Amino acid sequence: MFQWLDIPLYIKVGNAEQMTTWFHELVALREDSALTSRLREKAILLQMIACYLESVPIHILQQRSEEIERLDQLQKYIERNLHKSITVEQLAKAVHFHPNYLIKYFKKHFGMPPAKYMQRKRMDKAKFLLTTTSQSMKEVAQQSGFENTNHFTKSFRKETGFPPTEYRKNVKGL
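Mind the numbering: the sequence shown is residues 1 to 174 in our numbering, read in order.
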């Protein structure tokens with residue numbers, strides 16, 4: 001997040017006592033094995049991040065707003081077109097970048113190249129469709145952006161270790 005927003009790793013926060021309290025709560029929750037403890041950890045971490053961001057000088061955040069908007073455009077473009085084959089050129093054109101620059105830019109901000117990111121998003125969508133619908137493998141493959149069912153099945157098995165039908169059966173059986 002710090003790299004993505006390009007903000008300092010250390011900032012003096014207004015309420016240091018509150019931060020200390022949250023850190024102590026995090027330590028206590030970490031030792032608790034209850035499912036709700038994981039949720040409470042996430043809630044405290046979000047509070048800490050919000051407090052941190054509120055302490056970031058406003059001029060730093062304003063400088064980043066254009067870049068954040070561009071990253072949002074990339075994500076939305078991918079989401080809207082996930083069912084299609086998206087080229088790097090098309091993605092670059094959507095944000096007015098040269099394709100070579102887009103690849104470096106994308107990797108810096110998303111931690112992976114565009115193709116890998118899109119593949120991961122397609123897999124996420126396929127998993128969602130497999131577990132929440134009764135659509136055929138062909139329909140799931142098409143809606144997830146795979147050229148054909150065979151390619152989908154091979155990619156899915158490579159990603160998850162299971163063929164899609166077995167994945168569906170195992171997850172729905174839980």
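For every residue, glycine included, the Cβ atom is placed at its ideal position computed from N, Cα and C.
For clarity, every value in this text was computed on a predicted model and none was experimentally measured.
- Using a Cβ distance threshold of 8 angstroms, Ser144 and Ala115 do not count as a contacting pair.
- Excluding its 5 nearest sequence neighbours in each direction, Ala94 has C-beta neighbours in its own chain below 6 angstroms: Tyr77, listed in chain order.
- Shown here for Thr131: same chain residues with a beta carbon closer than 7 angstroms to its own, the five before and five after excluded, namely Arg168, Val171, Lys172 in chain order.
- Between Arg30 and Glu41, the C-beta gap is smaller than 8 angstroms, which places the two residues in contact.
- In its chain, beyond the 5 residues on either side, Pro163 have a beta carbon closer than 7 angstroms to the beta carbon of Arg157.
- Taking the Cα of Leu74 as reference, the smallest distance to any Cα among Gly14, Val13, Ser134, Gln90 is reached at Gln90.
- Gln47 carries a helical assignment under DSSP once its states are collapsed to helix, strand and coil.
- Distance check between Val56 and each of Gln119, Gln135, Gly14, Lys154 places Gly14 closest, using alpha-carbon atoms only.
- Residue environment for Val27: exposed (fewer than 16 other C-beta atoms within 10 angstroms of its C-beta).
- Ranked by Cα distance from Glu67, the first of Ala50, His96, Lys84, Val88 is His96.
- Rounded to whole angstroms, Gly111 and Tyr10 show a C-alpha spacing of 22 angstroms.
- Gln135 sits in coil when the DSSP states are folded into three classes, being neither helix nor strand.
- Annotation: His151 to Thr160 spans about 14 angstroms, alpha carbon to alpha carbon.
- Arg80 counts as exposed, since fewer than 16 other beta carbons sit within 10 angstroms of its beta carbon.
- The residues Met137, Lys138, Ala141, in chain order, have a CB closer than 7 angstroms to that of Thr149 in the same chain once the five nearest residues on each side in sequence are set aside.
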